[in-house]
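Everything below concerns the one structure shown next.
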Amino acid sequence: MDMEKPQLSIIAASRNDGHGGNIMKRMRLFVNGLIDQCNRHRLNAELIIVEWNPPADRPLLQDLLPRPGAGDRLRLRYIEVPAEIHSRYRLSTEIPLFQMIAKNVGIRRATADFILCTNIDLLFSDPLCRILAAGKFRADTYYRANRCDVPDGIDPEWDIGRQLEWCGRNIIRRLGREARFPNINLEHLGLSEKAAYKKWIFDKMALLTRFLWPRAKKQ
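Residue numbers (the numbering used here): 30 to 248.
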């Protein structure tokens, strides 16, 4: 499908070094999932994968990962950041992928008005994709979504509907905010695995802080 300008630029960063375990399988699931969901939810988007410091002895990701077809709504772009640039950074010999710097490379080259930064081993839920496709975003607002971790048990031969159903039945943990504790971010405070009463205490402390230390009044 020929798109003049995408509604959304999706940014991710990776390299072909096997990091994280079974990474190629997870990246293929991610790209194929986005292709399918952009088509089903009529979301015109571009996926920018920043290939940071690609290993010289391995194929590039752009030669290995799935590619959208002519009739698909997802446009896929690769940006390669070579080893010569990577080596300019401090700790370049210890850290092969500067993920946040790599994502900034993609952000600066995005063409949509709105940008979604993510990782290369995620599947987006259908409700989230419907929100993205509606495109009712504010320019002065930062949006985020909770992440649910699942085991590495998805069969690539399943269609995306079955993959998402399996994920919903096999959640290991949820990271981010929880409706019962609206005043705190459990992940940031290291409370995700703590008992509910501890979460409740921190939530009420955060609420109390709001009253004792209100936001500065606008001038």
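Glycine is no exception: its CB is placed at the ideal position from the N, C-alpha and C atoms.
Note that the coordinates shown come from a computational prediction; the quantities given were computed from them, not determined experimentally.
Worksheet item: Any idea what DSSP makes of Phe59, helix, strand or coil?
Response: Locating residue 59 in the sequence shown gives position 30, counting from the first residue. Three-state DSSP puts Phe59 in a helix.
Discussion item. Distance check for Ala99 and Asn73, CA to CA, integer angstroms please.
Written reply: The sequence position of residue 73 within the sequence shown is 44, counting from 1. The sequence position of residue 99 within the sequence shown is 70, counting from 1. Whole-angstrom Cα-Cα distance: 13 Å.
Practice prompt. Counting only runs of 4+ residues fully inside the stretch 164-212, write out the alpha helix (DSSP H) ranges in chain order.
Written response: 189-198
Practice prompt. State the Cα-Cα distance for the pair Arg202 and Pro88, rounded to the nearest angstrom.
Written response: Here residue 202 refers to the residue found at position 173 of the sequence shown. Here residue 88 refers to the residue found at position 59 of the sequence shown. Roughly 34 Å between the two C-alpha positions.
Item to complete: Output the boundary residues of the alpha helix (DSSP H) element that contains Ile136.
Response: The residue labelled residue 136 in the question sits at position 107 within the sequence shown. That run of the alpha helix (DSSP H) goes Gln128 to Arg137.
Worksheet item: Are Pro35 and Glu80 touching if we call contact CB-CB under 7 Å?
Response: What you label residue 35 is simply residue 6 of the sequence shown in a count that begins at 1. What you label residue 80 is simply residue 51 of the sequence shown in a count that begins at 1. No, they are not a contact pair.
Worksheet item: Val60 and Pro83: beta carbons closer than 7 Å?
Response: Your numbering for residue 60 matches position 31 in the sequence shown. Your numbering for residue 83 matches position 54 in the sequence shown. Against a cut-off of 7 Å, the Cβ pair of Pro83 and Val60 comes out as no contact.
Worksheet item: Just how far apart, CA to CA, sit Leu204 and His217?
Response: For the purposes of this step, residue 204 is identified with residue 175 of the sequence shown, where counting begins at 1. For the purposes of this step, residue 217 is identified with residue 188 of the sequence shown, where counting begins at 1. Using only the alpha carbons, I get a separation of about 9 Å.
Worksheet item: Is Leu103 near Leu63, with beta carbons less than 7 Å apart?
Response: Here residue 103 is taken as the residue at index 74 of the sequence shown, counted from 1. Here residue 63 is taken as the residue at index 34 of the sequence shown, counted from 1. In this structure, Leu63 lies closer than 7 Å to Leu103 by Cβ.
Fill in: Every unbroken alpha helix (DSSP H) inside the stretch 52-117 [4 residues or more]
Entirely contained in the stretch 52-117, the alpha helix (DSSP H) runs reaching 4 residues are, in chain order, 52-69 and 112-115.
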